[in-house]
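Trainee: Please read through the structure below; I'll follow up with questions.
Number of protein chains: 4
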Amino acid sequence: MKTMNIKEELARTSVELFARQGYAKTSVQQIVDAAGVTKGALYHYFNSKDDLLFDIYDRILTLQHEHLTEIISRGLPAAETMRLVCEDLVSTSIDWIREGTVFFRSQHMLSEDRLEEVQRRRREFNKAFTGILVRGQEDGVFRTDIPIPVLAANFFSDPHYLSYWYSPGGAISREAVAAQLTDLYLAGLQAK
Amino acid sequence: MKTMNIKEELARTSVELFARQGYAKTSVQQIVDAAGVTKGALYHYFNSKDDLLFDIYDRILTLQHEHLTEIISRGLPAAETMRLVCEDLVSTSIDWIREGTVFFRSQHMLSEDRLEEVQRRRREFNKAFTGILVRGQEDGVFRTDIPIPVLAANFFSDPHYLSYWYSPGGAISREAVAAQLTDLYLAGLQAK
Amino acid sequence: MKTMNIKEELARTSVELFARQGYAKTSVQQIVDAAGVTKGALYHYFNSKDDLLFDIYDRILTLQHEHLTEIISRGLPAAETMRLVCEDLVSTSIDWIREGTVFFRSQHMLSEDRLEEVQRRRREFNKAFTGILVRGQEDGVFRTDIPIPVLAANFFSDPHYLSYWYSPGGAISREAVAAQLTDLYLAGLQAK
Amino acid sequence: MKTMNIKEELARTSVELFARQGYAKTSVQQIVDAAGVTKGALYHYFNSKDDLLFDIYDRILTLQHEHLTEIISRGLPAAETMRLVCEDLVSTSIDWIREGTVFFRSQHMLSEDRLEEVQRRRREFNKAFTGILVRGQEDGVFRTDIPIPVLAANFFSDPHYLSYWYSPGGAISREAVAAQLTDLYLAGLQAK
DNA sequence: TATGAATGAGCCTTCATTCAT
DNA sequence: CATGAATGAAGGCTCATTCAT
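Heads up: the sequence lines are chains F, A, E and Y, in that order.
Be aware that the first sequence starts at 1, since it is given in the numbering used here, and climbs by one per residue.
Be aware that the second sequence starts at 1, since it is given in the numbering used here, and climbs by one per residue.
Be aware that the third sequence starts at 1, since it is given in the numbering used here, and climbs by one per residue.
Be aware that the fourth sequence starts at 1, since it is given in the numbering used here, and climbs by one per residue.
Here's what the structure looks like:
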């Protein structure tokens, strides 16, 4: 049980440390000490410190892509789809809040090619999200007086900002925040 | 006169580099090379690399505090005050977008005591902002069904997120974004 | 039968890699990958990476000793013996050119006691070779105006240098080179 | 006087150690300890350990090129030119015997682009040397029954091999070896 | 016999900072 | 005021070797 999954333990530990102290201030030595293994073990499972970081991005991007795709595929009306997407994005961001902290703060620490991959996948996600906005505008349920990029940024900023203020286990539940932030967004988005 | 320029040049150069490559990936050597001075000169004006970073936080925090205080001091109604505050915050964030990039990404690179000071001053700002929300709720113009921290975060996230998507000099003007994001926020905030 | 092949395959592969990239730049992992076995297998047949290297020296030294001894034992005149020895040394060096590459470049990578053994055996070989020179001088067929060590070095340098310029399978055949280098050597060596 | 020329001291020390123990077995720490400085000092003057190695090749190649060019430029007959070139090559190789030791053993430790440069410059040298052989053949003073590459290798091997047997300060003087090896070479080279 | 996960010492290199000039 | 050579601690990473299975 103890050494059962060294790789997972290393992933868990590194996210924890990267979120708390930042990628640059976390040494490989700190990670292996915290995980109770040696450097050799880490480099047996990961090719570099950068891999440890990229794994976090990969996990989050894969998850978000799957959720978004699944919700859109249900074929619900734009407003309803948007509500589900937004609530899911907030909920998921809370579930993976440590990963999110790293995700938004440490992009510039990725190697160049990894950064490109991350940006490409984020653009894809963005495009799918934007698609819902466009459909809502065509259906006359979303306002059209504000450019799409502004409408999109107005929501994306929320899950992004969570790690700066929200404490899991605090007074406000995960579900409540998800519902409230979604509500605020949809209120602003609504066609008059 | 000359020395004044050197110090300012170092400040300008370091923000630029920190924003582009991150604090950790920017070496003191790169900064002095880009500024066209030598290390000795840098250490004449700044005690450490950390000072260069803190200066950015100090500049932004001072500015935001001044603007917020000034606007509140006008004694306008809550909704009107809020509109001015939000527009100003977005506009200012765009004017200082490179500083903002560093501000939100590099907190964990600050030395411990500097970090505490930054957090204290941000809390103060937050409190003043929150004060407007409370006043608006008491006046019956802002909705009360959503906790204050969520309402605050819902706006703070916007200027924060600007550096991730907004390009100064692009299709959407600084004033337009400020008005649009403020509009969206106030639409959500409005009591029904 | 199978295990025998594994050991030989490892020996073959390691010479190949050592010759191409040098001993230091060749990792044990590369060797086992190229040989299609695992590390455990390698360490089953060899005690260390150093053993793999020493084996090359042992093979070459044994071979050269056998050939030299055999030729000398024929009891031919010095000049004739020398011709046969030189031609054989060049031919053999070409046949084992990869081993030769390693032999001359990687001595300092041997462990101390192994190095001593190699040096002892090379001295022995040298002594036997020198014996032919002395005999030729006594018989009046080899020049005596140049010190023996210089005469010896003048030939040893040739097989040594082969790996720096000769390509097996190129325009000049193995036999031709052997005859030509021997010819050049004997021309210089000849008493006037 | 003591720290007067740290860069030269580092160059001297590193050649010494590379020649004695090999490049791979010499650590940067050993070099700086032996030179009485710290690692920072070394990396102030050299970009990498590889630079320290390449500097040796550069020094030798520059020297050899200069000497060869100068001698050829005198416009003497081929046999006379060849005698001067060979004697100089042996003499110089003895003067720089530690550099030579490294030169011939550590090529494979050079970085890829550096290796290419070294090979290009060696080819140039070879071409100029070969030019003398061709001229001598045309003039009827050098034998023509052996291919040029073999004739060239027959001499190049000698300075190459020096570090394996010659001890400066031993019984045979630098000038004597130079004259003797040259004599042996020319005796073999002579047209009949 | 053979595996390959894990070790741990050591390596090259970077870099913020200092200080004699 | 300003220089830039030199420091020295720390960092990421490699790799020959071991050992439980």
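Think of the CB as a built atom: it goes at the ideal place given N, C-alpha and C, for glycine as much as any other residue.
None of the values given here were measured: they were computed from a predicted structure.
Tell me, which residues are paired with F142/Y by DSSP?
Mentor: For the purposes of this step, residue 142/Y is identified with residue 142 of the fourth sequence, where counting begins at 1. Q190/Y, per the DSSP bridge assignment.
Trainee: Cutting at 8 Å between CB atoms, please list the residues of its own chain near E124/Y, excluding the five before and the five after it.
Mentor: Residue numbering aside, residue 124/Y sits at position 124 when the fourth sequence is read from its first letter. Result list for E124/Y: H65, in chain order.
Trainee: Mind checking whether L68/Y and V85/Y have CB atoms under 8 Å apart?
Mentor: By 1-based counting over the fourth sequence, the position of residue 68/Y is 68. By 1-based counting over the fourth sequence, the position of residue 85/Y is 85. Against a cut-off of 8 Å, the Cβ pair of V85/Y and L68/Y comes out as a contact.
Trainee: Report the option in E87/A, G170/A, D51/A whose CA atom is closest to the CA atom of L115/A.
Mentor: The residue you call residue 115/A lines up with position 115 of the second sequence. Of the listed residues, the one whose Cα sits closest to L115/A is D51/A.
Trainee: CA-CA distance, I146/A and L61/F?
Mentor: Here residue 146/A refers to the residue found at position 146 when the second sequence is read from its first residue. Here residue 61/F refers to the residue found at position 61 when the first sequence is read from its first residue. So the two alpha carbons sit approximately 30 Å from each other.
Trainee: Strictly under 8 Å for the Cβ-Cβ distance: is M109/E near chain Y by that measure?
Mentor: As a first step, residue 109/E must be located in the third sequence, where it is residue number 109. Yes, M109/E counts as interfacial toward chain Y.
Trainee: Using a Cβ-Cβ cut-off of 7 Å (strictly less than) and excluding sequence neighbours within five positions of F155/F, which residues of its own chain qualify?
Mentor: Stepping through the first sequence from its first residue, residue 155/F is reached at position 155. Same-chain partners within the cutoff: C86, Y185.
Trainee: On a Cα-Cα basis, can you pick out the residue from A24/F, V37/F, A171/F that is closest to E9/F?
Mentor: Position 9 of the first sequence, counted from the start, is the residue given in the question as residue 9/F. When each option's Cα is compared against that of E9/F, the closest is V37/F.
Trainee: Select from P159/A, I6/A, W165/A the residue whose C-alpha is nearest the C-alpha of A179/A.
Mentor: As a working note, residue 179/A is residue 179 in the second sequence. For A179/A, the nearest C-alpha among the options comes from P159/A.
Trainee: At the level of alpha carbons, what is the spacing between Q21/Y and S163/Y?
Mentor: The residue labelled residue 21/Y in the question sits at position 21 within the fourth sequence. The residue labelled residue 163/Y in the question sits at position 163 within the fourth sequence. So the alpha carbons of these two residues sit roughly 14 Å apart.
Trainee: To which residues of the same chain is A24/Y closer than 7 Å at the C-beta, ignoring the five residues directly before and after it?
Mentor: Locating residue 24/Y in the fourth sequence gives position 24, counting from the first residue. Hits under 7 Å: M109.
Trainee: For M4/Y and P168/Y, I'd like the C-alpha separation in whole angstroms.
Mentor: If you number the fourth sequence from 1, residue 4/Y lands on position 4. If you number the fourth sequence from 1, residue 168/Y lands on position 168. Here M4/Y scores only 49 on pLDDT, less than 50, and its place in the model is too uncertain to base an answer on.
Trainee: At the level of alpha carbons, what is the spacing between I72/F and T81/F?
Mentor: Mapped onto the first sequence, residue 72/F falls at position 72. Mapped onto the first sequence, residue 81/F falls at position 81. Using only the alpha carbons, I get a separation of about 6 Å.
Trainee: Whole angstroms are fine: how far does the CA of V177/E sit from the CA of D58/Y?
Mentor: Walking along the fourth sequence from the start, residue 58/Y turns up at place 58. Walking along the third sequence from the start, residue 177/E turns up at place 177. Going from the Cα of D58/Y to the Cα of V177/E covers about 31 Å.
Trainee: Decide if M1/A is buried, meaning its Cβ has at least 16 other Cβ atoms within 10 Å, or exposed.
Mentor: In the second sequence, residue 1/A corresponds to position 1, counting from 1. Only weak support exists for where M1/A lies, its pLDDT of 42 falling under 50; the value from the coordinates is given anyway. By the neighbour-count rule (16 or more Cβ atoms within 10 Å), M1/A is not buried but exposed.
Trainee: Measuring only between beta-carbons, confirm whether P149/F sits less than 8 Å from chain A.
Mentor: Counting from 1 along the first sequence, the entry for residue 149/F is found at position 149. It does: the Cβ of P149/F has a partner Cβ on chain A nearer than 8 Å.
Trainee: Considering only their Cβ atoms, is the gap separating I94/A from Y166/A smaller than 8 Å?
Mentor: By 1-based counting over the second sequence, the position of residue 166/A is 166. By 1-based counting over the second sequence, the position of residue 94/A is 94. Closer than 8 Å, so yes.
Trainee: Counting only C-beta atoms, is S157/A closer than 8 Å to chain F at any point?
Mentor: For the purposes of this step, residue 157/A is identified with residue 157 of the second sequence, where counting begins at 1. Closer than 8 Å to some Cβ of chain F, the Cβ of S157/A qualifies, so yes.
Trainee: Determine the chain Y residues that contact L61/E at a beta-carbon separation under 7 Å, and present them in chain order.
Mentor: Locating residue 61/E in the third sequence gives position 61, where the first residue counts as 1. Chain Y residues near L61/E: none, gap ~15 Å exceeds 7 Å.
Trainee: Tell me the rounded alpha-carbon separation between T26/A and F18/A.
Mentor: As a working note, residue 26/A is residue 26 in the second sequence. As a working note, residue 18/A is residue 18 in the second sequence. If I take the Cα positions, the gap works out to 6 Å.
Trainee: Pick out the complete alpha helix (DSSP H) segments inside the stretch 48-76 of chain E, 4 residues or longer, and give them in chain order.
Mentor: For the stretch 48-76 of chain E, whole alpha helix (DSSP H) runs of length 4 or above, ordered along the chain, are 49-73.
Trainee: Grouping DSSP H, G and I as helix and E and B as strand, with all else coil, what is K127/A?
Mentor: Here residue 127/A refers to the residue found at position 127 when the second sequence is read from its first residue. K127/A falls in the helix class under three-state DSSP.
Trainee: Taking 8 Å as the threshold (beta carbon to beta carbon), is I31/A in contact with chain F?
Mentor: As a first step, residue 31/A is located in the second sequence; it is residue number 31 there, counting from the start. No - not a single Cβ of chain F is within 8 Å of the one on I31/A.
Trainee: Quick one: grab the DSSP three-state call for G136/F.
Mentor: Position 136 of the first sequence, counted from the first residue, corresponds to residue 136/F. Of the three classes helix, strand and coil, the one that applies to G136/F here is helix, per DSSP.
Trainee: Could you give the distance in angstroms between the alpha-carbon of A175/Y and the alpha-carbon of R83/Y?
Mentor: Here the question's residue 175/Y lines up with position 175 in the fourth sequence. Here the question's residue 83/Y lines up with position 83 in the fourth sequence. Looking at the sequence itself, residue 175/Y is Glu, so the reference to Ala does not match. Cα to Cα, the separation comes out at about 13 Å.
Trainee: For I31/F, which residues in the same chain have their Cβ closer than 7 Å to its Cβ, ignoring the five residues on either side in sequence?
Mentor: In the first sequence, residue 31/F corresponds to position 31, counting from 1. Correct list, in chain order: L10, T13, S14, L17, L42.
Trainee: What's the call for E99/Y, buried or exposed, on a 16-neighbour Cβ count within 10 Å?
Mentor: Your numbering for residue 99/Y matches position 99 in the fourth sequence. Counting Cβ neighbours within 10 Å, E99/Y comes out buried, since at least 16 surround it.
Trainee: Grouping DSSP H, G and I as helix and E and B as strand, with all else coil, what is N5/E?
Mentor: Residue mapping note: residue 5/E aligns to position 5 of the third sequence, counting from 1. Residue state, collapsed to three classes: helix.
Trainee: Does the distance from the CB of T144/F to the CB of Q137/F come in under 8 Å?
Mentor: Translated into the one-based positions of the first sequence, residue 144/F becomes position 144. Translated into the one-based positions of the first sequence, residue 137/F becomes position 137. Yes; because the gap between Cβ atoms is below 8 Å, this pair is in contact.
Trainee: Mind checking which residues open and close the alpha helix (DSSP H) that includes Y166/A?
Mentor: One-based indexing of the second sequence puts residue 166/A at position 166. Careful: Y166/A lies outside any alpha helix (DSSP H) and carries neither H nor E.
Trainee: For a cutoff of 8 Å on Cβ pairs, would you count I172/A as touching chain F?
Mentor: Locating residue 172/A in the second sequence gives position 172, where the first residue counts as 1. At least one chain F Cβ lies under 8 Å of I172/A.
Trainee: Determine the chain A residues that contact G22/F at a beta-carbon separation under 7 Å, and present them in chain order.
Mentor: What you label residue 22/F is simply residue 22 of the first sequence in a count that begins at 1. Those are H108, M109, listed as they occur along chain A.
Trainee: Are the beta-carbon atoms of L53/Y and S106/Y separated by less than 8 Å?
Mentor: Indexing the fourth sequence from 1 puts residue 53/Y at position 53. Indexing the fourth sequence from 1 puts residue 106/Y at position 106. A contact, by the Cβ cut-off of 8 Å.
Trainee: Do A187/A and A187/F have their beta-carbon atoms positioned less than 8 Å apart in this structure?
Mentor: Residue mapping note: residue 187/F aligns to position 187 of the first sequence, counting from 1. Residue mapping note: residue 187/A aligns to position 187 of the second sequence, counting from 1. The answer is yes: Cβ separation under 8 Å.
Trainee: Could you work out which residue in G140/F, L76/F, S111/F is closest to K192/F when comparing CA atoms only?
Mentor: Walking along the first sequence from the start, residue 192/F turns up at place 192. That would be G140/F, whose Cα lies nearest to the Cα of K192/F.
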